[in-house]
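Novice: After the structure tokens below, expect a handful of questions from me.
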Amino acid sequence: MMKRKNILCLLFLMMFSGMLWAESGVLSYLEGRVTLEKPGGPQMSAEIGDTLVSGDTLYTDSKSFAEVALTSGSTLSIKEGSVFNFGEIVDSDSSSGKRGFFRVLLGNVSFKFKNLLHEPEIGTPLSVLAVRGTDFTVYTSPDGASLTVVSDGLVEVSSGGQTTLLAADQGVEVSAGLGLGETFDARKGFVRYDAFVKQALSRLEENPVLVIEAYTEQLENYIEEGKYFLDSFDTNMVELRAVKGKVPEIREKEGDEAALIYIGDSLGPLQERGFELNGNYRYHFISALFLRRYVISSIYIRMRTLYLSEPDNPGWLAFAEAYGDFINLYEQRLIPLLEDEDL
Numbered sequence: 121m122m123k124r125k126n127i128l129c130l131l132f133l134m135m136f137s138g139m140l141w142a143e144s145g146v147l148s149y150l151e152g153r154v155t156l157e158k159p160g161g162p163q164m165s166a167e168i169g170d171t172l173v174s175g176d177t178l179y180t181d182s183k184s185f186a187e188v189a190l191t192s193g194s195t196l197s198i199k200e201g202s203v204f205n206f207g208e209i210v211d212s213d214s215s216s217g218k219r220g221f222f223r224v225l226l227g228n229v230s231f232k233f234k235n236l237l238h239e240p241e242i243g244t245p246l247s248v249l250a251v252r253g254t255d256f257t258v259y260t261s262p263d264g265a266s267l268t269v270v271s272d273g274l275v276e277v278s279s280g281g282q283t284t285l286l287a288a289d290q291g292v293e294v295s296a297g298l299g300l301g302e303t304f305d306a307r308k309g310f311v312r313y314d315a316f317v318k319q320a321l322s323r324l325e326e327n328p329v330l331v332i333e334a335y336t337e338q339l340e341n342y343i344e345e346g347k348y349f350l351d352s353f354d355t356n357m358v359e360l361r362a363v364k365g366k367v368p369e370i371r372e373k374e375g376d377e378a379a380l381i382y383i384g385d386s387l388g389p390l391q392e393r394g395f396e397l398n399g400n401y402r403y404h405f406i407s408a409l410f411l412r413r414y415v416i417s418s419i420y421i422r423m424r425t426l427y428l429s430e431p432d433n434p435g436w437l438a439f440a441e442a443y444g445d446f447i448n449l450y451e452q453r454l455i456p457l458l459e460d461e462d463l
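Sequential numbering of the sequence shown, starting at 121, is according to our numbering.
In structure tokens form, the structure reads like this:
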């Protein structure tokens, strides 16, 4: 009996090893103070040679810099004052067709990809980039606005149901309340991150309520889409348990070979779909968490400081009300969906 169980366990490992294998990254160079945070763990000082895996987050302080080398040969350059999350690093040689994704939550990150067979998606608080290019830079300001500049290849930028395709020496900006901007001529070396941030924060101060309301709508979308995938995951698990329960009977009546065929034909697709659905609902819930942690908190601090001496200012009161709506939605609907290690 133990031998049969070992055979079945080994088959599961062989069946899904290609799908579960995740490419890792290595911190190949750093300057200044760079901090690494593992999921559910404390922040620690990063060191050259550190292995970076799915879920890790890197923080670069002022006058600091980090470079990450992926096993595929691709490189990521994370400039000062950045927050970069390795949402999922997928093996570029995987036959699963699964794509990885990274998040530029704050700052300035340049990407150089060698293998575009399974190019990842790049997320910012307001946009998603489908990578078809080999060399491009993503800038994210403290209010969540983003700027993408392509040096080589093509990058598709999507936000709020709109999409634009950038070629070499082109750029586009995405901001809350305004959505996807017009494509413009741009070169990476001529784009100033500080000027972009100054302009983005100026827009925020002109109409902070519009910005918060746009993020509240996005938070609701994250929650609704995440719940859809979570419900689908739960349904899939019920089916998986029912199918798995038939394995002993088939093995007893028809033998190990028939049981293995049944697992491959029936259990395999369900388990693969389960992994996919789990990744999808976690992506949406974690994106919502990061929206609150890195964008909304930054906006609140900026506006609170701006109106510190004017607590009865109508502008502050309107912002505070809109901010309260966001927080209520976050606490009442998202928090129950998160895992303890997320918080």
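Beta carbons: idealized from backbone N, C-alpha and C, even for Gly. No experiment lies behind these values; they were computed from the predicted model shown.
(1) Between F256 and S194, what straight-line distance do the alpha-carbon atoms span, to the nearest angstrom?
(2) To the nearest angstrom, how far is it from the Cα of A408 to the Cα of L339?
(3) Between the C-alpha atoms of E451 and I406, what's the straight-line distance to the nearest angstrom?
(4) Alpha helix (DSSP H) containing R402: first to last residue?
(5) In the structure shown, what three-state DSSP assignment does T244 receive?
(6) Spell out a yes or no on whether the segment 256-273 and the segment 318-327 are touching, meaning 3 or more CB-CB pairs, one atom from each, closer than 8 Å.
(7) Under the three-state reduction of DSSP, which class applies to F233: helix, strand or coil?
(8) Pull up the distance between the alpha-carbon of E151 and that of F185, whole angstroms please.
(9) Measure the C-alpha to C-alpha separation of G444 and Y149 and round it to an integer number of angstroms.
(10) Can you tell me which residues form a DSSP beta bridge with E208?
(11) Can you grab the Cα-Cα spacing for the pair D462 / K373, in whole Å?
(12) Under three-state DSSP, which class holds T336?
(13) Opposite W155 in the DSSP bridges: which residues?
(14) Just to confirm, is the Cβ distance from G227 to L190 under 8 Å?
(15) Consult DSSP for G435 and reduce its assignment to one of helix, strand or coil.
(16) Under 8 Å by Cβ, that's how I've got V154 and L196 pegged, so tell me the actual separation to the nearest angstrom.
(17) What does a CB cutoff of less than 7 Å around G160 pick up in its chain, not counting 5 residues either side in sequence?
(18) Return the Cβ separation of F316 and Y259 in integer angstroms, given the expectation that the two are a contact with Cβ distance under 8 Å.
(19) Using DSSP with H/G/I as helix, E/B as strand and the rest coil, what is D170?
(20) Could you tell me the distance, in whole angstroms, from the CA atom of F222 to the CA atom of S247?
(21) Going by CA-CA distance only, name the one from Y335, Y313 and D385 that's closest to R544.
(22) Note the first and the last residue of the continuous alpha helix (DSSP H) segment covering V367.
Specialist: Once the coordinates are examined:
(1) Along the sequence shown, one-based indexing puts residue 256 at 136. Along the sequence shown, one-based indexing puts residue 194 at 74. Those two C-alpha atoms are separated by around 12 Å.
(2) By one-based count along the sequence shown, residue 408 stands at place 288. By one-based count along the sequence shown, residue 339 stands at place 219. In a straight line, the C-alpha of A408 is about 6 Å away from that of L339.
(3) Walking along the sequence shown from the start, residue 451 turns up at place 331. Walking along the sequence shown from the start, residue 406 turns up at place 286. Whole-angstrom Cα-Cα distance: 14 Å.
(4) Numbered from its first residue, the sequence shown carries residue 402 at position 282. Segment G388 to F410, the alpha helix (DSSP H) holding R402.
(5) Taking the first residue of the sequence shown as position 1, residue 244 is located at position 124. If DSSP states are grouped into helix, strand and coil, T244 belongs with coil.
(6) yes
(7) Start at 1 with the first residue of the sequence shown, and residue 233 comes out as number 113. Coil at F233, not helix or strand.
(8) As a working mapping, residue 151 is identified with position 31 in the sequence shown. As a working mapping, residue 185 is identified with position 65 in the sequence shown. Those two C-alpha atoms are separated by around 5 Å.
(9) Translated into positions along the sequence shown, residue 444 becomes position 324. Translated into positions along the sequence shown, residue 149 becomes position 29. Going from the Cα of G444 to the Cα of Y149 covers about 42 Å.
(10) If you number the sequence shown from 1, residue 208 lands on position 88. Answer is F221.
(11) As a first step, residue 462 is located in the sequence shown; it is residue number 342 there, counting from the start. As a first step, residue 373 is located in the sequence shown; it is residue number 253 there, counting from the start. Spanning the two alpha carbons is a distance of roughly 45 Å.
(12) For the purposes of this step, residue 336 is identified with residue 216 of the sequence shown, where counting begins at 1. The three-state secondary structure of T336, taken from DSSP, is helix.
(13) Start at 1 with the first residue of the sequence shown, and residue 155 comes out as number 35. According to the sequence as given, residue 155 is Thr; it is not Trp. T155 is bridged to S165 and Y179.
(14) Locating residue 227 in the sequence shown gives position 107, where the first residue counts as 1. Locating residue 190 in the sequence shown gives position 70, where the first residue counts as 1. At least 8 Å separates the beta-carbon of G227 from that of L190.
(15) Here residue 435 refers to the residue found at position 315 when the sequence shown is read from its first residue. In the structure shown, G435 sits in a helix (DSSP, three-state: H, G or I).
(16) Locating residue 154 in the sequence shown gives position 34, where the first residue counts as 1. Locating residue 196 in the sequence shown gives position 76, where the first residue counts as 1. Wrong, their Cβ atoms sit about 13 Å apart, outside the cutoff.
(17) Locating residue 160 in the sequence shown gives position 40, where the first residue counts as 1. Result list for G160: E461, in chain order.
(18) Against the sequence shown, residue 316 aligns to sequence position 196. Against the sequence shown, residue 259 aligns to sequence position 139. Indeed they touch by this definition, with Cβ atoms about 6 Å apart.
(19) Residue 170 sits at position 50 when you count from the first residue of the sequence shown. DSSP places D170 in the coil class of the three-state scheme, outside both helix and strand.
(20) Along the sequence shown, one-based indexing puts residue 222 at 102. Along the sequence shown, one-based indexing puts residue 247 at 127. Annotation: F222 to S247 spans about 12 Å, alpha carbon to alpha carbon.
(21) Past the boundaries of the shown model lies residue 544; the chain is included only from 121 to 463, so the question cannot be answered.
(22) Counting from 1 along the sequence shown, the entry for residue 367 is found at position 247. Run containing V367: V367 to E374, per the alpha helix (DSSP H) assignment.
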